[in-house]
Amino acid sequence: MTYNEYFQFAVIGKEGVGKSQLISSLTGKYAESSNLKGSTVSRESYNKDEYTFIDTPGIVFDSDSETTKIAISSMQGNDTILLVARATNIDDDLEYFLPLIKNKKGVIIATNWDRVNSKNAATKLENLEQDLKVPIIPVDARRITESQKSKIFDALENPRTFSNKTFHTGISIKPKPTVLEKEHMGILIGLALLLSPSILSVIGANYFADFVHPIISNLLTVPIEYLNTLPSPLRDILAGDYGFVSMGPFLFVWAAPVVVIYAVLLGIYKATGLLDRTSLAIHPLVKRIGVSGRDVTRIVMGFGCNVPAVISSRSCSSCSRGSTVSAISFGSACSYQFGSSIAVFAAAGMPWLVTPFLLYLTGTTILYTRLVSRKENRLKLNMPVIEGQVFFERPSFSSIWRESKSNISQFFKMALPIFFAITFVASIIDWIGIIDYFANEIGFLMQFFNLPEDSALAIIFGSIRKDGLLLLAEPSLVNSLSAIQILTAVYLAGTLLPCIVTFLTVIREMSWIFALKMIGKQVVAVTAFTLLLAHSDKILKLGGI
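Those letters in the sequence shown? Residues 2 to 546, by the working numbering.
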């Protein structure tokens with residue numbers, strides 16, 4: 002194969018059709034994210050030699066065709082379209098896309114071919130190829146052979162013009178229905194399956210941390226004793242209450258296990274097709290708040306770490322990506338926040354508070370997402386276009402690892418370094434006294450939330466890094482608070498602002514303007530929700546309850 006000229010391909014298709022897997026198999030590369038020029042539409046670029054594949058967000062709603070139009074309009078004269086359609090439902094996919102790409106040049110890849118691979122289906126596909134006069138290459142996106150790769154690249158170098166004509170093969174293979182497709186039971190089971198990885202990863206990580214934490218503490222005893230002999234400010238920065246050495250290693254101990262366990266469990270869900278089935282099961286319920294079922298899986302992913310959750314929003318519907326990122330920032334209690342919250346409740350002798358906390362956090366997140374979501378996502382006419390097209394797969398170790406490693410690598414390459422940097426910065430500003438200064442200055446504001454002034458320090462530090470709300474667990478403070486006050490303080494500290502890591506990730510993934518607007522909306526909403534929670538006992542009394 003020759004590489005004597007530059008080739009760029011825009012990859013389009015419905016969500017879950019296997020676009021990303023296909024491109025990754027063709028290039029052997031990871032994606033680089035950016036926005037299409039002059040728009041807020043996310044795209045992922047895969048580069049191999051002179052070939053660049055631009056993976057645009059998959060179509061979830063009918064309104065997402067506007068995203069595809071933007072992607073197509075950004076193409077240069079010599080760019081080619083790679084249309085990815087399911088072989089099991091190719092008639093519907095072509096009927097949807099051909100009007101959008103009329104007169105453009107390209108190639109069609111039919112995925113899920115392993116589900117329909119027969120002489121009769123092969124003949125129908127060949128007849129369709131002759132009628133459309135566009136190359137159609139059937140593949141199993143998970144297991145592309147070298148000969149198929151060569152055939153695809155050869156076809157891409159000699160694309161054909163799409164017409165607006167529609168032809169029908171009659172190929173239609175539906176997955177076997179399960180309990181997840183039942184109208185009401187499916188939603189309940191889908192929600193349970195969706196929350197299970199978060200619960201299991203937190204439980205597993207806590208067991209791991211309980212075992213490792215004492216070992217790390219013992220290993221750090223001698224170094225910290227030595228660092229405490231150094232002059233200030235070096236002593237305070239390295240071994241103080243928020244010191245780089247005294248606190249930094251525990252970031253890894255408490256966060257990394259959650260991310261790894263969650264990524265593996267989510268990898269199993271993806272590799273088996275369970276994630277898609279679960280997403281479709283809960284979609285009728287969550288569509289009412291302006292997001293899709295698959296968006297919710299990304300929001301829940303934030304319970305492991307917000308960074309891979311925000312990054313995974315690249316493949317969201319263009320209409321719902323902003324709402325999804327906002328919901329992650331607002332309500333995805335990451336491993337630090339969730340673990341620290343539980344620790345505060347335990348220190349207060351009220352571990353049962355975790356239940357009302359999660360209920361209130363979930364309820365306010367749903368309401369907030371509903372308020373910030375785009376109206377068209379909730380319209381009855383804006384229907385999902387991917388229902389009933391997901392097959393269960395027998396997973397292999399390699400497929401699970403392939404699905405897991407992206408989230409794990411994003412955490413270690415992007416989130417963890419920022420965590421350590423924040424630890425270093427926090428130790429410096431603590432030594433300077435900035436945090437104490439602001440805590441004293443805004444302490445009077447705590448009275449509006451029915452909290453003592455000395456809780457201001459935990460609120461400020463918890464807004465910078467989520468484990469900062471552990472300051473609420475100080476005996477002199479936590480023992481003076483009622484159950485409502487503890488709930489109020491933990492909720493306010495955990496949700497008032499996204500942590501710095503999340504904020505920086507949103508800036509990179511979206512824009513400065515989006516991130517600042519998001520923070521403004523979040524502060525207003527959290528303030529209102531916290532005031533309601535703080536004075537809920539008075540409100541209930543006024544209502545005679």
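Heads up, the beta-carbon is just placed ideally off N, CA and C, and yes, glycines get one too.
Which of helix, strand or coil DSSP assigns to residue i
i: I409; result: helix
i: K556; result: There is no way to answer for residue 556, as the model of the chain reaches only from 2 to 546.
i: S40; result: Confidence at S40 is low in this model, with a pLDDT of 43, below 50, so the placement of that residue should be treated as unreliable; the coordinate-derived value is given next. Three-state DSSP puts S40 in coil, outside helix and strand.
i: P1; result: This structure does not reach residue 1, given that the chain is present from 2 up to 546, and the question cannot be answered.
i: K539; result: helix
i: F504; result: helix
i: A348; result: helix
i: V203; result: helix
i: N128; result: helix
i: S374; result: coil
i: V254; result: helix
i: R289; result: helix
i: G434; result: coil
i: A529; result: helix
i: P396; result: coil
i: S119; result: coil
i: L101; result: coil
i: S173; result: coil
i: P499; result: coil
i: R144; result: coil
i: F358; result: helix
i: F439; result: helix
Opposing strand residues paired with residue i [DSSP bridges]
i: Y208; result: Y208 is not bridged to any residue.
i: K106; result: T162
i: A282; result: Note: A282 sits in no beta bridge, so no partner.
i: R87; result: T112
i: T81; result: F10
i: I137; result: I109
Buried/exposed call for residue i, threshold 16 Cβ in 10 Å
i: K38; result: Caution applies to K38, whose pLDDT of 46 falls short of 50 and renders its modelled position unreliable; the model cannot decide the point.
i: T3; result: At T3, the pLDDT of 41 sits below 50, so the modelled position is not reliable and the matter cannot be decided from this model.
i: G350; result: exposed
i: W513; result: exposed
i: Y227; result: exposed
i: K177; result: exposed
i: N219; result: exposed
i: I401; result: buried
i: I24; result: buried
i: S583; result: Because the chain is modelled from 2 through 546, residue 583 falls outside the range shown and cannot be assessed.
i: F449; result: exposed
i: F393; result: exposed
i: D141; result: buried
i: M186; result: exposed
i: P234; result: exposed
i: G323; result: buried
i: N128; result: exposed
i: Y438; result: exposed
Sequence-distant residues of the same chain with beta carbon closer than 6 Å to residue i, five excluded per side
i: L382; result: Because the pLDDT of L382 is 49, which lies under 50, any placement of that residue in the model is unreliable, and the question is left without a value.
i: Q9; result: T53 and D80
i: A264; result: S405, N408 and I409
Element boundaries [alpha helix (DSSP H), containing residue i]
i: R295; result: G294 to M302
i: F462; result: A457 to I465
i: S512; result: From DSSP, S512 is part of no alpha helix (DSSP H); its letter is neither H nor E.
i: V180; result: From DSSP, V180 is part of no alpha helix (DSSP H); its letter is neither H nor E.
i: Q22; result: K20 to T28
i: G332; result: R322 to G332
i: L478; result: P476 to V479
i: N451; result: Run containing N451: none; DSSP gives neither H nor E here.
i: Y310; result: Rather than Tyr, the amino acid found at residue 310 in this sequence is Ala. Counting along the chain, the alpha helix (DSSP H) containing A310 begins and ends at N307 to S313.
Run of the beta strand (DSSP E) containing residue i, from where it starts to where it stops
i: T489; result: Not the beta strand (DSSP E): T489 falls in the alpha helix (DSSP H), residues A484 to T496.
8 Å Cβ shell around residue i - same chain, five flanking residues per side excluded
i: V479; result: V345, A348, A349, L473 and I487
Close-in-space but distant-in-sequence residues of the same chain around residue i (CB under 7 Å, 5 per side omitted)
i: I195; result: Here the sequence assigns Leu to residue 195, which means Ile is not the residue at that position. Excluding residues within five positions, the ones whose Cβ falls inside 7 Å are T279, I283, V297, T298 and V301.
i: A122; result: I172
i: F339; result: V203 and F304
i: I343; result: V355
Proximity test, residue i beta-carbon vs the ligand ZN heavy atom, cut-off 7 Å
i: K125; result: The ligand ZN is not among the ligands present in this structure, which contains no ligands whatsoever.
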